[in-house]
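Residue 25 in full-length UniProt numbering sits at position 25 of the sequence shown, and the numbers go up by one each step. Using N, Cα and C, we set each Cβ at its ideal position, and we do this for glycine too. It should be emphasised that the depicted structure is a prediction, and the values quoted were computed from it without experimental measurement. Structure first, then comments.
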Amino acid sequence: MSDTPMKPLAPADCDLRDFAFLQLDVRRLLTSETWILGTGDERAAAMTLWLESWHQVPAASVPNNDRMLAHLSQAGANWPQVKQHALRGWVDGGDGRLYHPVVAEKALAAWIEKLHTSISGLLGNARRWGIKVDTREQQAKLVEAIERLREIAPQHPALKKKLAVQIATRHLADRGATEQPSPPDSGSDRKREGEGDRERDNPPYPPAGVVGVAPGGAEGGVFSSLEGYVDLDDLVEADESCADLAAQDAADAVPAVAAVNDSSTDDTPEEVVCSAMTAVGIPDARPGDARLRALLRAGADLDEFVNAAYRALEQGKGFPYAVGIVAGERRRAAELAGQLHAGALPTQAKAARPTFAQAQSDLVRSTVPGRAGKDPALKRIEADAARAAPMPPHIRAQIDAMRGRVAA
């Protein structure tokens, strides 16, 4: 355990008590020193603390108190013997609690998903009932969670989802007003001197509380101005339908990604597409890609590439994978178009089925010869058959053939 206090790894209100399951990275666990070097009692105490921390508030933390740790770990009087190993990896959050970075990584991802769902539900209800909702509190929590997860696991898949990509998580303007650049310590640092100033002047992320849905126009940064940004409260939904924002009503419409053939820009269609994909988070977009040019000539539009970029990010893939998605979808659409029937489908006449009454009547006559008109039950069956629709000829022929075999 690290005794050096640091800031808490999870927000104080991170509450996952309604999340019954904790994702377990099996290979990561079995190859960890905690598992390999621990005895049975030490492993049990360590894992029990991880599981207990999941439903603590804040999640991924436990009280920094030996009596409580002995209770939560279920080690009891054996806690002093297993304590050192069971607390491997835990850090002091400076708030009277211990945090485990790996559990915190899982907890923050779940917390982001929970806040995402909350915001999406509020905005959906606002759209449905025509009411105003205030999501600023949820937005602030979401920004904080994304920022903390980026500090622990910068490449976590949760940070590549649409909402996380769109929300600004850097407060560069505030930092620039208070922080002074430190002198470079090495030649490589001196070469990079000034890059922070360029990033602050032209940040790659929009300001906090603002969602970016279009790339900026200035050279040197994808998001160079507030043009193309909208406040999250103006979005209709904040889930997987974010790519369809351009289809909103004019009163609620927000700037979507620029059209490929927009005459107001001097960029080529390939450059516009790559700029948009870079804004989404694809780092290796290449305007000179042959497949990209071929797809644009075939009529692919910008929305196809942006949606494909989001799907690629969710799979941890890059530009070639995203272009392959567009090509594959267009290929499948062409194949399906060649298989679809043109015009109305022809109707097929269905042969009438014999009614139950008809079938029952004929069956009784075929199996009980000579009883027609004598058995009361058969009379009722015959009456029902008389009221039923006529039996098709081929069914009648089968019944007659059966009757002949029984009589013989």
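**Prompt:** To the nearest whole angstrom, what separates the beta carbons of residue 16 and residue 111, a pair I think is in contact under 8 Å?
**Reply:** Between residue 111 and residue 16 the Cβ distance is about 7 Å, and since that is below 8 Å, they are a contact.
**Asked** How is residue 7 classed by DSSP in three states: helix, strand or coil?
**Response** In the three-state reduction of the DSSP assignment, residue 7 falls in the coil class.
**Item:** Neighbourhood of residue 300 by C-beta, 6 Å cutoff - its chain only, sequence neighbours within 5 removed
**Value:** So the list reads 326, once near-sequence residues are dropped.
**Request:** Going by DSSP, name the residue or residues bridged to residue 62.
**Result:** Its beta-bridge partners are 98.
**Message:** I'd like to check one pair, residue 46 with residue 104: are the Cβ atoms closer than 7 Å?
**Reply:** No.
**Asked** Does the distance from the C-beta atom of residue 65 to that of residue 97 stay below 7 Å?
**Response** For the pair residue 65 and residue 97, the CB atoms are not nearer than the 7 Å cut-off.
**Asked** By how many angstroms is the C-alpha of residue 324 removed from the C-alpha of residue 269?
**Response** Going by the C-alpha atoms only, they are around 18 Å apart.
**Prompt:** Quick one: what does DSSP say residue 275 is sitting in, helix, strand or coil?
**Reply:** Helix, per DSSP.
**Request:** Could you tell me which uninterrupted alpha helix (DSSP H) segments, each at least 4 residues in length, are contained entirely in the region 26 to 61, listed from first to last along the chain?
**Result:** List check, alpha helix (DSSP H) in window: 26 to 30, 33 to 37, 40 to 54.
**Prompt:** Roughly how many angstroms separate the alpha carbons of residue 159 and residue 312, rounded to a whole number?
**Reply:** Between residue 159 and residue 312, the C-alpha separation is close to 13 Å.
**Item:** Three-state class that DSSP yields for residue 21 in the structure shown
**Value:** Of the three classes helix, strand and coil, the one that applies to residue 21 here is coil, per DSSP.
**Asked** So what does DSSP say about residue 210, is it helix, strand or coil?
**Response** In this prediction, residue 210 scores a pLDDT of 38, lower than 50, which makes its location untrustworthy; no coordinate-derived value is stated.
**Request:** Classify residue 135 as buried or exposed, calling it buried when 16 or more other Cβ atoms lie within 10 Å of its own Cβ.
**Result:** Its Cβ being crowded by 16 or more others within 10 Å, residue 135 is buried.
**Prompt:** Residue range of the alpha helix (DSSP H) that residue 339 falls in?
**Reply:** Residues 319 to 339.
**Prompt:** Does the region 72 to 79 come within contact of the region 31 to 46, defined as at least 3 CB pairs closer than 8 Å?
**Reply:** Touching, yes, given that three or more Cβ pairs across the two stretches are closer than 8 Å.
**Request:** Would you mind sorting residue 148 into buried or exposed? The rule is 16 or more other CB atoms within 10 Å of its CB.
**Result:** Counting Cβ neighbours within 10 Å, residue 148 comes out buried, since at least 16 surround it.
**Request:** Determine the burial state of residue 68: buried for a count of at least 16 other Cβ atoms within 10 Å of its Cβ, exposed for fewer.
**Result:** Residue 68 should be labelled exposed.
**Asked** Any idea what DSSP makes of residue 308, helix, strand or coil?
**Response** Helix.
**Message:** How far does the alpha helix (DSSP H) with residue 83 in it extend, from its first residue to its last?
**Reply:** Boundaries of the alpha helix (DSSP H) around residue 83: 79 to 86.
**Request:** Reducing DSSP to helix, strand and coil, say where residue 268 ends up.
**Result:** The answer is coil: DSSP assigns residue 268 none of H, G, I, E or B.
**Request:** Determine the extent of the alpha helix (DSSP H) in which residue 141 is found, giving its start and end residues.
**Result:** Per DSSP, residue 141 is one residue of the alpha helix (DSSP H) stretching across 136 to 152.
**Message:** For a test of the three-state rule: what should DSSP assign to residue 404, helix, strand or coil?
**Reply:** Residue 404 falls in the helix class under three-state DSSP.
**Simplified DSSP state of residue 393, which is helix, strand or coil** = Correct three-state label for residue 393: helix.
**Asked** Do you know whose CA, among 106, 298, 287, 282, lies nearest residue 21's CA?
**Response** The residue from 106, 298, 287, 282 with its alpha-carbon nearest to that of residue 21 is 106.
**Message:** Output needed for residue 273: all residues of its chain with C-beta closer than 8 Å, excluding positions within five of it in sequence on either side, in chain order.
**Reply:** Here the set comprises 260, 285, 287, 292, 296, 302, 305.
**Asked** Can you give the Cα-Cα distance for residue 58 and residue 339, rounded to whole angstroms?
**Response** The alpha-carbon atoms of residue 58 and residue 339 are separated by roughly 56 Å.
**Message:** Rounded to whole angstroms, what is the Cα-Cα separation between residue 118 and residue 138?
**Reply:** Residue 118 and residue 138: Cα-Cα distance of roughly 8 Å.
**Message:** Helix, strand or coil, according to DSSP, for residue 225 in the structure here?
**Reply:** Confidence at residue 225 is low in this model, with a pLDDT of 31, below 50, so the placement of that residue is unreliable and no value is reported for it.
**Asked** Leaving out five residues before and five after residue 277 in sequence, what residues of the same chain have Cβ atoms less than 8 Å from its Cβ?
**Response** Cβ within range, chain order: 285, 305, 306, 309, 319, 322.
**Asked** Measuring CA to CA, which of 51, 329, 61, 54 is closest to residue 8?
**Response** Minimum Cα distance to residue 8 is reached at 61.
**Asked** In angstroms, rounded to a whole number, what distance separates the CA positions of residue 99 and residue 143?
**Response** Rounded to the nearest angstrom, the two C-alpha atoms are 20 Å apart.
**Prompt:** Helix, strand or coil: which one does DSSP assign to residue 127?
**Reply:** Residue 127: helix per DSSP, three-state reduction.
**Asked** By Cβ distance, which residues of its chain are closer than 7 Å to residue 156, with the 5 residues on each side in sequence left out?
**Response** So the qualifying residues of the chain are 105, 109, 149.
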